[in-house]
Structures are given as C-alpha cells and as structure tokens.
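As structure tokens, the structure follows; a few thoughts come after it.
Residue numbers (full-length UniProt numbering), protein chains in the order written: chain A, 1 to 388; chain B, 1 to 388.
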C-alpha cells in the first residue's frame, strides 16, 4: 500500500493511524503505517514531552505524527475564565440534574477535572507544539482546519508536513490556500467532528478541488477492503481513528466503555453537538439523547459546550456510568468486535487490501462479451465473486 | 466490469441503472449495463405495457429490469379513499398556504393530478406486474424490501431475479430470508429512501450478513472510481440512479429542475420525510425546509404524506415554481455538471474504473521497504499518484 505520499514520508503503508495513546501510535508506526498521536488530552506540555520521548524510544526510528486542535483564527487575550462566564446557569443545572438522575458521584477533592477540553485552547496547543518540535515529527495534523500561519511556517522549517481535516471541498480549498501539505477528507461516517458528505462522495470531490495536493480518505475505513475503496477514490492514503480504540494497546480507562464499543453496531452512533458544541460522531448514549432532546436546552456553541461538560464527562468516565458513557467513534464501530493487538489489526488491513485489489483485477480482466446475452436467468445460487 | 452476477444476467458491465425513463433505461442496457425502469409513475398498466413494448424494440435484445414499490405486508381492502380520510385538515391547509405563498397556480380542470404516489398502492403495483410479466424481465427490484411471497414466486417462475433495497444489515438479512436473489445496499448518501449508514460501511456489512447472496452498492456512485470503490467493498455490482437524471435521454418535464440539478453541490441535498413520509434524500428546497421546520406541522407517516402532497408536487412541477422544485437525488449531484448522452456517461464510467484499478495495481505493487525511513520530509510538491 505505497503511494507517492507514503514514499515521501518513508513509511511502508499509506495508513495514517490517529490515536490518543502513545503505545498505539508507536505500534502503528512499527507496523509500517504512520502513528499520529492526539495531543488534545495533554494539558501539561511536560507530560507530552515525556510521551514523545517514549515514542522516540519505541518506534524503532520509524516516523510518527502529532494531531493538535487549533483554531486558525485567534481570540487575543480571551481566557478560560472569560469563556466560563458565558455559560448560562440553566445549562449548568441541566448537567447537574442529568448526572444526579443517573446517580453519578461527585469527584473527590484531589481528582483531576475535565482535561478533555482545555487542550482546545490556543495557548495550550502552542505549549504542546513547543514541546513537540523538539522531536522528529513527520506530520502535524490539525482537527480544526489549517493551523495559524506561523505554525505552518514553523512546521515546514522543521521538515514537518502539515495536514488539516476538511468536511467539504470548500473548506479543503481554503486549507490548501493556507499552505498545508495534506488534506484529510473527513466523511460523514467518521468518528469525531464531521460534516454531512459521505466519504464515497467527499474524497473524490476534495481530490478534484485540491489536486495535486495529496488527500487522505477518512471515515468508514476499518478494513483492507475499505482502504482499497478509499484509494480507488483518488486518495493518497487513509486516515483511521476508530479502529484502534479496541486494540490491546489502547487504554480507554474504562472496561465498560471498551465493552460498549465491542458490542455496538454501525447504527449505534450519532452525529451530535453534545461533546463540543460542533457536530461530532460518537456512541449514542443517554448523554447524547438528553442533549439532542428538543425539550431540553440543547448544546451550547463551541467552545462553551466543551467547557460546560468537561467535568461531567470525567465523572461519567471515572464512575463508569454505563448509560451515559460514550466516546467519539465512527460507523465502523459495527465491525470492531474483538480485542486484538495493533500488529494483528494491521496485518488484516494489508491482507484485505491485497484481496480487494486481486478481486478488482479479476473483475477488470473479465470485461468483454457477455456470457449469455438475452438468455433467461435462473434463481440465484452462490456466487464465486463473493469475498466471503 | 464483470462479476458472477453480471455474467449470470448476460450483461457486459455490473452496472445497474435505475431510472423512471424508458429511453434512459434502454440506453443503459444498450451500453452494456442493466437498465431498470421505475414503475411507480405508471398508474395505467396499459401505459407501462406500451413502454415495455418500446423497451423490447430498443434494447437490441439486451436484458433490462423493472423497479416497483410494494410493501411486503398487505392491508386488505384499504382503498385510497380510506387513506385520504386519515389526513388532518391542518396538514391540508399547510400545503394550501405554502403553495399560495409561492404563487403556485391551481391545476386546470383537465390536468392529471398527483401520479407520484398512487403507484405505491399494492393493487396498482400488482396491475403493473401483470403487464410487466408479459415481457422478458431480467430483474424485478422492490424499493420497500422484499415483495410479497407470491410475487417472488411468480418472478422466479418467470426466470426473473428479485432484488430488494436495504439500508441496514438487519433488513438485508430479513430480505434474504424472504427468498430474494440480490440485495441493493442503499447507503446514506443515496437519492430516495435511505437510512443513516454510509455506503462505505453498509456495503461490506451487508455482504458479510447475506453472502454468498450478491450485493449491489448503492449511494455515492457516479464515476468509475466510485464503481471500483463499491466493488472493492465486496459488491457484485453497483446500483446507480441519480447520475442519469441529467442525461440527454432523461425528460424531467422541467428545464428549471434540470438546471437546479446541474448547479447543485453535494451539500445541497437533504434526507427529509417531505415527499413520502419516510426519510428520502432529495434536493434541499423551500418545500423540504417548510416540512422540516420544527414550527410547522411536520410530515405525516407513509403513505399519508405521499397522498397529501401528490397534487401539490404536480402543480410545483407544472408551473416550475423554482424555490419549491425538487427531486429525489443523491449526494453525487455535486458531480453532475453537464448534460450528456447515456453512452458518453457510460464510457466515462468504464474508463474511470479501468484507471482506478490500474492505480490500485501500482499502489499494491509498490509495497516493500520504505524509500527513506526516518528521513526528514520536505514541503509537499505535486504527487504523481494524484488521479488528476
């Protein structure tokens, strides 16, 4: 699975694996993909530096990347306290009542509260970058479009490619104009922040809009067959996030959450503003249902919603309040049904890709005169083309 | 593009083209695919018989199919008048006011009113079948799951394969149990009635659920690259509907509607219950916005909504009330930007498919040691893998 982009990055397979867990990211890079570590949970730049040191020691010299969450625009001088003050009391009591109804205990005095959202603030992201650029980053990805211009320049000076997620061709064009190197076409079926255009339509649309800039297909990719589909659409690689959540190397901090992911079907996710204020695909839970209920107050806009719910999400996770317990995840959650190591998952991806390409070769080679034009057809029997 | 299924049907390419227009269906069959004529607009079985006679004379002996809209369950003795009586007055006045607000004239005394929905009633569909089975149908497809058991038996006795649309693996399994021969996996991005699971995820899920029964990928397929993607996912063929709406052979009966389709982007569709009462993807218009507005009465359930709006839709179309004018269409509408003949469109499909397979072959062949493991990477330049 080598494209021009994977060759330029010096990786064996054009598989970009996003994950919040250093052990997963390192295993993806060791397996021949590009592990991309999510930085959003690191409020302490020192902790990020330590984990990147660990990555350097455990990737066997293979390249890896970092994913940050930075808005391209800046709101100078706005503090977390300023944003907190904009949250209506009615929303605070809605959160309090929802957790009380489900019997979720308060945090103890010493517990860390709400890391989930502070990583979204620009000063936190910049401190992350100061720590990160001491390391040999091959790729810097940003979940909210292009990072600020000075960050793009800094990455390029460091020899780091810059990638930005886009949910529409219009956004992708804007990202390309900002000087980034790779567009991640994030389809509707993807986990996390996502738009309404499905990967099958979005990928070629973005390839047309920004080519020859390389595009990664994201959303709905969890098998080698799906990788082949993404690359058939013109992508130079695939961006996979959800699939790693149930690997042995992943530490979700909750057995109950892992069990929910393994049990969930493709119809058990929802695109909801309940986590961050922007539509993000996640497990459908009592939490998303409460926020999406038209009789409730509804989610606040980003970044208010994220700040509002940060502590609540920490409590739900810590006390494993099963009905409320969720996570961003894509529709491929329906195929994530067993816990395996990253290498085993990766081996399946390469085998599935080879199988899909071989099948397409047979289908292409068979082109020619029909076998029995106009002849009546009988009841369908088993078909040898079926991949199973 | 030949699979076991296309070989069994005696067609050159595993491309199934759904269309309400005999001229389009015949041209698809002549081009080597399987034209599938939508029967829903034929309230007069005699008119359907005449059009099928025309198809027989204009497909050069190539196979074709018919698509009906039949519920699997029967509501014995329920007439159109019974259903009409269930429509609340408030909904009738909402329709009246909406059309008045947009200045849409009343129909004249002699005008045909509201053919769009009567084809959904079982007795109409059965009369259509009586006419259709006088013709050499290769495929009978049903948009609402498996047709009633006696219809499946009748099709099989006639040498006709039976296909049913499914939006989830659970529905597909139920369809397979009803003895059908082909499942059409209708993804979220498809035009018309559709579920929430995207084609990228739905297709392999249904292949796993019903294999070795053949599956067609539907939704998001409008190019050869997208055909390659659908087949990579394990499908035995693709089901394409939207793409033909802007061909020269199609007669939408409204220049304004054709112009809207040619101008629309992938983000200009919406999954709405405004046409039939069940979620169907269609152009986003003042009509869909009015029905989806939470301050309005909202759509009625199927089949009430279809009966309620039939005459209104006829008026909107006849008088080309541009803001209200819409049609079921999928997200690929964004790539339908020029009016061409069916054969030219088909040639593009086969060329794009060959190009995608050749590109995948190159990507697969390149697998091996990385070119420059661990080396720093520079600013991205043009990439030769880009399909454009």
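We treat Cβ as the ideally placed atom computed from N, Cα and C, and that holds for glycine.
Verify whether the separation of the beta carbon atoms of residue i and residue j is less than 7 Å.
| i | j | result |
| --- | --- | --- |
| residue 305(A) | residue 276(A) | yes |
| residue 321(B) | residue 102(B) | yes |
| residue 315(B) | residue 68(B) | no |
| residue 198(A) | residue 165(A) | no |
| residue 232(B) | residue 229(A) | yes |
| residue 238(B) | residue 217(B) | yes |
| residue 345(B) | residue 269(B) | no |
| residue 297(A) | residue 58(A) | no |
| residue 172(A) | residue 65(A) | no |
| residue 391(B) | residue 341(B) | It is not possible to answer for residue 391(B), since the shown part of chain B is limited to 1 through 388. |
| residue 240(A) | residue 221(A) | yes |
| residue 50(A) | residue 29(A) | no |
| residue 48(A) | residue 131(A) | yes |
| residue 26(A) | residue 55(A) | yes |
| residue 169(A) | residue 162(A) | no |
| residue 290(B) | residue 98(B) | yes |
| residue 146(A) | residue 193(A) | no |
| residue 299(A) | residue 274(A) | yes |
| residue 357(B) | residue 349(A) | no |
| residue 52(B) | residue 135(B) | yes |
| residue 211(A) | residue 167(A) | no |
| residue 324(B) | residue 87(B) | no |
Report the residue from the options whose alpha carbon sits nearest the alpha carbon of residue i.
| i | options | result |
| --- | --- | --- |
| residue 267(A) | 311(A), 179(A), 209(A) and 332(A) | 332(A) |
| residue 353(B) | 15(B), 8(B) and 338(B) | 15(B) |
| residue 141(A) | 34(A), 346(A), 298(A) and 365(A) | 34(A) |
| residue 261(A) | 278(A), 232(A), 274(A) and 282(A) | 282(A) |
| residue 11(B) | 70(B), 18(B), 17(B) and 2(B) | 2(B) |
| residue 287(A) | 194(A), 232(A) and 312(A) | 312(A) |
| residue 334(B) | 208(A), 364(A) and 218(A) | 208(A) |
| residue 191(A) | 214(A), 278(A) and 4(A) | 278(A) |
| residue 184(A) | 347(A), 214(A) and 158(A) | 214(A) |
| residue 204(B) | 5(A), 224(A) and 206(A) | 224(A) |
| residue 106(B) | 343(B), 337(B), 318(B) and 359(B) | 318(B) |
| residue 153(B) | 129(B), 169(B), 307(B) and 350(B) | 129(B) |
| residue 70(A) | 148(A), 85(A), 41(A) and 358(A) | 148(A) |
| residue 84(B) | 356(B), 337(B) and 303(B) | 303(B) |
| residue 219(B) | 329(B), 181(B), 81(B) and 293(B) | 329(B) |
| residue 181(A) | 160(A), 45(A) and 196(A) | 160(A) |
| residue 351(B) | 263(B), 46(B), 226(B) and 45(B) | 226(B) |
Tell me which residue opens and which closes the beta strand (DSSP E) that residue i is part of.
| i | result |
| --- | --- |
| residue 38(A) | 34-38 |
| residue 66(B) | 64-68 |
With DSSP as the reference, please indicate the residues paired to residue i in a beta bridge.
| i | result |
| --- | --- |
| residue 90(B) | Residue 90(B) is not bridged to any residue. |
| residue 392(B) | Absent from the model: residue 392(B). The displayed extent of chain B is 1 to 388, so no value can be given. |
| residue 280(A) | 193(A) and 272(A) |
| residue 340(A) | 247(A) |
| residue 328(A) | 282(A) |
Considering residue i, what are the terminal residues of the alpha helix (DSSP H) in which it resides?
| i | result |
| --- | --- |
| residue 286(B) | 286-292 |
| residue 17(A) | First-last for residue 17(A): 15-19, but that is the beta strand (DSSP E), not the alpha helix (DSSP H). |
| residue 177(A) | 169-177 |
| residue 366(B) | Looking at the DSSP string, residue 366(B) is not in any alpha helix (DSSP H), and its letter there is neither H nor E. |
| residue 295(A) | Segment: none, residue 295(A) is in no alpha helix (DSSP H) and carries neither H nor E. |
| residue 309(B) | 304-318 |
| residue 6(A) | 4-9 |
| residue 50(A) | 45-58 |
| residue 333(A) | Careful: residue 333(A) lies outside any alpha helix (DSSP H) and carries neither H nor E. |
| residue 105(A) | Taken as a continuous stretch (DSSP letters only), residue 105(A) belongs to no alpha helix (DSSP H), as it is neither H nor E. |
| residue 31(B) | That residue, residue 31(B), is in no alpha helix (DSSP H); it is neither H nor E in DSSP. |
| residue 80(B) | 80-84 |
### Task
Quick one: which unbroken alpha helix (DSSP H) runs of 4-plus residues sit fully inside the segment 188-274 of chain B? Chain order, please.
199-210, 224-232 and 255-263
### Message
Runs of 4 residues minimum, wholly inside the segment 130-162 of chain B: which ones carry the alpha helix (DSSP H) assignment?
### Response
149-157
### Task
Anything in the segment 241-254 of chain A with a Cβ closer than 9 Å to a Cβ of chain C? List those residues in chain order, please.
This model lacks chain C altogether; the protein chains it does include are A and B.
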